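Position 22 of the sequence shown, counted from 1, bears residue number 22 in UniProt numbering, the numbering being contiguous throughout.
Right, one structure below, let's go through it.
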Amino acid sequence: MNGRLAWLQTSWTESNPLRRFSVSPKLERGKNGCGFFVWVDIEMPHRERAMMAWLLRTKREVEDHIGRARAKGKKL
């Protein structure tokens with residue numbers, strides 16, 4: 001891997017919520033790197049993956065709602 005250390009990242013996608021992976025630093029920034037990518041964690045069972053995806057979606061919705069409420073309050 002070009003003598004560089006891989007970065008440990010966490011996936012926040014609905015298809016792989018909270019699943020960790022290692023990636024080459026150049027690949028992370030979208031540049032032409034060595035293309036190194038490997039999952040560190042095993043894939044979650046479907047039920048747990050669906051629950052985590054729902055929790056992440058709900059968290060984002062609550063954060064968006066709070067942001068809109070704050071923005072609306074500032075306009076008053």
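Glycine included, each C-beta is placed from N, C-alpha and C at the ideal position.
Since this is a predicted model, take the numbers as computed values, not measurements.
Limits of the beta strand (DSSP E) - the one that residue i falls within
i	result
LYS8	Checking the sequence shown, residue 8 turns out to be Leu, not Lys. Here the beta strand (DSSP E) through LEU8 covers 7-10.
VAL38	37-39
ARG20	20-23
Expected contact under 8 angstroms - CB spacing of residue i and residue j to nearest Å
i	j	result
MET51	ARG19	So it is not a contact: roughly 14 angstroms between Cβ atoms.
Beta-carbon proximity of residue i to residue j, cut-off 9 angstroms
i	j	result
TRP12	VAL23	no
ALA71	SER15	no
Cβ-based neighbour list, residue i, same chain, cut-off 6 angstroms, excluding 5 preceding and 5 following
i	result
LEU56	PRO17
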